[in-house]
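Residue numbers (the numbering used here): 173 to 435. Positions of the beta carbon are idealized from the N, C-alpha and C atoms, including for glycine. One structure below.
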């Protein structure tokens, strides 16, 4: 009998700890799983619309027409140059003008010009349009007319191009009869560019030779190339004398189908 009670007590001791653990497991609170996901980001503030630029004043140093727009390079007082795109308008290089503000575009690609502008402002156009003395309203100047020649008072000195067919601008006028329909090369500074007229670009170059009063200091060349005002270039092409395109486009000398090399 004593042995039976001993065995019963031993069995009870083995059962009680397990029961205790079961009870503990039953009452242990269950915590929801902790999520590793971050809370949703706070929506950023809405981007502000582009700001319109203030009116822009300066001297027109270059202009070109394409795709219904006039692209105008303006040199401001601080020597900073900025491109503007305006509805196609007759703009005279060298004129002091003020343009209305507009939307600024960065890295704008003009498909019609096949050119990318680092920065350009789309303006509604000039705020004031000053006419040139002696020019009738609505009258258009030939891109190579003597009245359009600029930089007459600027001191320019450019070395003559090398080669057997290289000439100074003044020599082109003196020898125009001899050089008519001949290949020539002239090095000079670009003082004016009129782009996209009659499917070509009209480029004025000067080298410091010639007489400004007689307009023999300025040579007009036509080319598919489009240098900028201020560039030193070597122009190589065919020279023509007394070339008349009609409609007032008449030149004492002109170089055509010109290849331009920028120095």
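Among the options, the one whose alpha carbon lies nearest that of residue i
i: residue 373; options: 357, 395, 382 and 353; result: 395
i: residue 379; options: 356, 432, 234 and 327; result: 327
i: residue 232; options: 354, 397, 371 and 268; result: 268
i: residue 421; options: 407, 390, 387 and 370; result: 370
i: residue 431; options: 247, 418 and 406; result: 406
i: residue 381; options: 343, 281 and 240; result: 343
Host alpha helix (DSSP H) of residue i (start-end)
i: residue 341; result: 341–346
Bounding residues of the beta strand (DSSP E) (the contiguous stretch that carries residue i)
i: residue 364; result: 355–369
i: residue 423; result: 422–434
i: residue 373; result: 372–378
Beta-carbon proximity list for residue i, same chain, < 8 Å, skipping 5 on both sides
i: residue 290; result: 278 and 279
i: residue 353; result: 410, 411 and 412
Same chain, Cβ closer than 6 Å to residue i, neighbours up to 5 away in sequence not counted
i: residue 403; result: 362 and 434
i: residue 238; result: 284, 285 and 368
i: residue 230; result: 246, 247 and 248
7 Å Cβ shell around residue i - same chain, five flanking residues per side excluded
i: residue 294; result: 257, 274, 275 and 277
i: residue 234; result: 245, 265, 365, 400 and 401
Supposed contact pair residue j and residue i - C-beta distance, whole angstroms, cut 8 Å
i: residue 345; j: residue 388; result: 4 Å
Open item on the list: Which runs of the beta strand (DSSP E) at least 3 residues long sit entirely within the stretch 385–416? Give them in chain order.
Closed with: 391–395 and 404–416
TODO: Could you name each continuous beta strand (DSSP E) segment of 3 residues or more that falls completely within the stretch 225–308, going from the start of the chain to the end?
DONE: 228–238, 241–247, 253–259, 268–271, 274–282, 287–295 and 298–300
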